[in-house]
Structure formats: C-alpha cells, structure tokens
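Protein sequence lines, in the order shown, are assigned to chains A and B. Each number in this note's numbering comes from the position in the first sequence (counting from 1) with 5 added on. Quick note: the second sequence, position 161, residue 152 per this note's numbering, numbers continuous. Taking it in order: structure first as structure tokens, then the write-up.
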Amino acid sequence: MEPFRTDGHLTDETLAALARGRELDELTRLEAAEHLAFCDACLQRYTDLLATAPLLVPAHSCRESLWVRVRRRTLRLVTSRYATAAAAVALALTVVWGSGRLDFVRLPIPPEDRPSVSEGLQRWSARWSDSLDSAMSGFNDFFSGLGRWTPPPQGGN
Amino acid sequence: MSSMTKEQFSQLVVRYERLVYTICFQLVRDTAAAEDLTQETFLSAYLHRDAMPEGYERQWLARIAANKARDHLQSAWNRRTVLPGDEEMPPGLAPPAEEEALRRARAAEITAAIEGLREPYRPVCRLCLLEEKSPEEAALALGRPVKTIHTQLSRGKRLLREQLERSEAHGTLPH
C-alpha cells in the first residue's frame, strides 16, 4: 500500500487504515502524523472518517489530572518569572556595586569619624537583608495564599 | 475565543476527549502513550486557548493531537535510527559515508535514484539535492513547514544512500 498519492497527500487507503484501526508500520504512521500535523485537507478527510467510526475510550480519563497539571504548570511559570526577576535584580545590583555607584551606602560622616570599610559593608548588608526579608515575606504570603486556594467544583462531569 | 472559562474548557474536554485519544492511539498504537498525549493535547490547548478558532475546535484539537503524536513518534524513531546531529542536518553537511556514496555515484545515477524515491521524499530531494534549493525555498514550493522539510530531507538522504549502496553492491541502479 502506498501511503502517499503522487500529489503528496495521504491516500484514501492510508487514512481508512488509520481510522479503522488497522495495523500500519511505524514509519508509515510517523509519515502520516508528520503530514497530518500541517495538512488541513488530509486532517479534514481523516476527522471526517473518524466521525463515522466508533471512537476509542481511554482507560483513564484525563479530566481530573488535567487540572492538576494545569495548576502545576501555571505555578512553575509564575515561580520561573519571579526567579528570573530576582536574578535580574541581583545582576543589576552586582553591576552597580561593581561600578561604585552605591552612594547611599556611604553616609556623610566627617573625615575623622569615617567608619572602616567593614562597618560600611555591615551596615549595607543589614539594610539589604531587611529589604530581602520584606520581599520574601511578600512572596511567602502569595504562595501560602495559593496553597490555601481550592478550585471551584468542575462542571461537565 | 479568549473568554473561554475553565468550565467551558472542561466541557470541551468532555466532548472531544475520545476523539483526541483515538487520534493519538491510532498514530502511536500504545495505550499509555496515547493517554499521556491526550492529556498533553488538552494541556497545550488550555495554555493556548486564546488562539482557538471559534467553531473549529474539533479541527484545532485534532491538529494538536497529530502534532503531539508526531513528536512522540519522531523521538522514538530518532532514538533508534538517527545519529546525534543527523536529523536537522543542512544540505551539504551529511556524514562522510553519505557524501562519499553520493560522490561515487554519477550524476545521472543520482537523478535516477532520486526519481525512484517515494513520496514524500522525492520532491524534497529533487528540490534540495538536484535543484540546490534551500530547505526554506523547498518548504515554500511544497507548502510544507521548514522543519518537516529538514526531517524529510534527512530521511530522504538516508533512503537514497541505502538505495545507492544497494545498487552499487548489485551493480544496478533504479530507473
């Protein structure tokens, strides 16, 4: 059986064999899937054939597990965005720190009372730590809110 | 259909789950893989539900299912038959054995071998190997995605090499 016609479309036999569940070799199924993935005409012919054939029933419906995966994927996207944002902030701070533009770290102190470099660093890291704590508590509130969230009852059984 | 709610999408799943599963199973012939691909199909559909064309949900889901099944089959096929880096190989960068086989055969013999290839490989190899078109140009000429052209060209070259090697071994070439 020729899987393709000379014009490059799937033959009626191939589509019928697929739709009637007849065994086709792996390469033919791969070629058919590659073609159906872009050809509107053949996909229409195939789904028309399926409309007149009994459809298969999966042993395990995806209806319940689908929403778990949707939630997980959404959460992953959200956390990934926060991680990217945090990395960008850290990188920007590193660049600014490296270029010596963090003037706010140094306070206007008379020369005789100028603190040592380590004192300045300590002060700056304490402020940085406070800022991080407040940001993290915001994140924690957000995620604990998500944890308490329960989906509304699903319709369409 | 950007305003589709979770409730409405659930109804879509109920309505088309069997169709999607049937397409996946008929292409991959494996129940566990078909169930997984069915879920993948609806997951993709949900994440891109804003792009769902109203009134064509059935075709749209069938297309996603065919794409998922294609990726699954390609991955399994490539694991067994394609060397790393071979699948997406641009023309002219074939492995030495393939290039060597092509060089050894005369131009007329190569043309005959290409014309002897079956669909969907013949027009792709004719355009890319004989007429020296780029995969992008071949994609445009044949109305196929560029990625599909790359895949078909790679597989076509493999078929061609096997055919030429077989012909050399037997001292005959297809006409």
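Every residue, glycine too, gets a C-beta built ideally from N, C-alpha and C. Quick caveat: nothing in here was measured; it's all calculated off a predicted structure.
Burial state of residue i, where buried means 16 or more other Cβ atoms lie within 10 Å
i	result
Glu7 of chain A	exposed
Pro63 of chain A	buried
Ala93 of chain A	exposed
Thr29 of chain B	buried
Cys47 of chain A	buried
Arg143 of chain B	Note on residue identity: the sequence assigns Gln, not Arg, to residue 143 of chain B. Burial call: buried.
His161 of chain B	exposed
Pro59 of chain A	exposed
Three-state secondary structure (DSSP) of residue i
i	result
Leu150 of chain B	helix
Phe33 of chain B	helix
Tyr47 of chain B	coil
Thr(-4) of chain B	coil
Asp135 of chain A	helix
Ser158 of chain B	helix
Leu64 of chain B	helix
Glu110 of chain B	coil
Lys138 of chain B	helix
Glu122 of chain B	coil
Arg6 of chain B	helix
Asp21 of chain B	coil
Straight-line gap, residue i to residue j (C-alpha atoms, nearest Å)
i	j	result
Glu166 of chain A	Tyr87 of chain A	Beyond the ends of chain A as shown, which are 6 and 162, falls residue 166 of chain A; an answer cannot be given.
His65 of chain A	Glu8 of chain B	11 Å
Lys124 of chain B	Leu71 of chain A	44 Å
Leu61 of chain A	Phe43 of chain A	24 Å
Ala98 of chain B	Gly147 of chain B	17 Å
Thr57 of chain A	Arg50 of chain A	11 Å
Asp53 of chain A	Arg76 of chain A	34 Å
Arg71 of chain B	Arg20 of chain B	17 Å
Tyr47 of chain B	Glu128 of chain B	30 Å
Ile14 of chain B	Leu108 of chain B	28 Å
7 Å Cβ shell around residue i - same chain, five flanking residues per side excluded
i	result
Ala22 of chain A	Leu29
Trp51 of chain B	Met43, Pro44
Leu55 of chain A	Ala24
Thr102 of chain B	Leu121
Thr22 of chain B	Phe16
Ala37 of chain A	Pro8, Leu15, Thr19, Leu23
Same chain only: Cβ atoms within 8 Å of residue i, ignoring 5 sequence neighbours per side
i	result
Tyr37 of chain B	Phe0
Gly160 of chain A	Its pLDDT being 42, under 50, Gly160 of chain A is placed unreliably in this model, and the value from its coordinates should be taken loosely. Within the same chain, Gly160 of chain A has no close Cβ partners at all.
Leu133 of chain B	Pro114, Val115, Leu118, Ile140
Arg49 of chain B	Tyr7, Leu10
Same chain, Cβ closer than 6 Å to residue i, neighbours up to 5 away in sequence not counted
i	result
Pro111 of chain B	Gln143
### Complete alpha helix (DSSP H) runs within the region 10 to 98 of chain A (minimum length 4 residues, chain order)
The DSSP assignment places complete alpha helix (DSSP H) segments of no fewer than 4 residues inside the region 10 to 98 of chain A at 17 to 24, 31 to 41, 45 to 56, in order along the chain.
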